[in-house]
Amino acid sequence: MCDASDYAVGAVLGQRIEKHFRPIHYAIKTMNQAEANYTTTEKEMIAVVYAFEKFRSYLIMNKSIIYIDHSTLKYLFAKKDAKARLLRWILLLQEFDFKVIDTCGAENYAADHLSRLENPYGNIFDPKE
Numbered sequence: 029m030c031d032a033s034d035y036a037v038g039a040v041l042g043q044r045i046e047k048h049f050r051p052i053h054y055a056i057k058t059m060n061q062a063e064a065n066y067t068t069t070e071k072e073m074i075a076v077v078y079a080f081e082k083f084r085s086y087l088i089m090n091k092s093i094i095y096i097d098h099s100t101l102k103y104l105f106a107k108k109d110a111k112a113r114l115l116r117w118i119l120l121l122q123e124f125d126f127k128v129i130d131t132c133g134a135e136n137y138a139a140d141h142l143s144r145l146e147n148p149y150g151n152i153f154d155p156k157e
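Using this note's numbering, you'd call the opening residue of the sequence shown number 29 and step up by one each time.
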């Protein structure tokens, strides 16, 4: 499961056992200023790329299913004329065997929650003005 908000991306690695999703690992990453200005599609793609980079050792030789609440990503993987940045990310993901399934936001609750967590210590290392 992957999701992106305006300032962070969240991913959950898990497996389905008898119709129930069992989480194995959670991951979250805050976006830098440049990534925060990306379009929604690019932010969702960042979430997918981050998830595959983070969980690479688990996913490299296995068939995977990506649950995401942004339906355009499903068609983006088949499209050949996208932005260069999106094409670069698609090329990075070609080594994995995966399928994209579009879900509503309510079903993608774990990744949705992770992507919306705020970091109260976000600016602790920023220089004082």
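A virtual CB, placed ideally from N, CA and C, is assigned to each residue, including glycine. Since we're looking at a predicted model, the values are computed, not measured.
At the C-beta level, A39 and A64 stay beyond 7 Å of one another. CA-CA distance, T68 to T100, rounds to 10 Å. It is roughly 15 Å from the alpha-carbon of R44 to the alpha-carbon of F126.
Separation of W117 and I93 (C-alpha to C-alpha, rounded to the nearest whole angstrom) is 17 Å. Bounds of any alpha helix (DSSP H) do not take in F124, whose DSSP letter is neither H nor E. A75 sits in a helix when the DSSP states are folded into three classes.
When rounded, the separation of the alpha-carbon atoms in M59 and A75 is 10 Å. Per DSSP, the continuous alpha helix (DSSP H) segment holding S85 begins and ends at R84 to L87. Looking only at H53, Q61, G42 and E46, the smallest Cα-Cα distance to A36 is reached by Q61.
CA-to-CA, the gap between S85 and D109 works out to about 30 Å. Straight across, the Cα-Cα distance linking L114 with M73 is about 8 Å. The beta carbons of T131 and Y95 sit closer together than 7 Å. With a beta-carbon spacing of about 5 Å, L41 and F83 fall inside the 8 Å limit used to define contacts.
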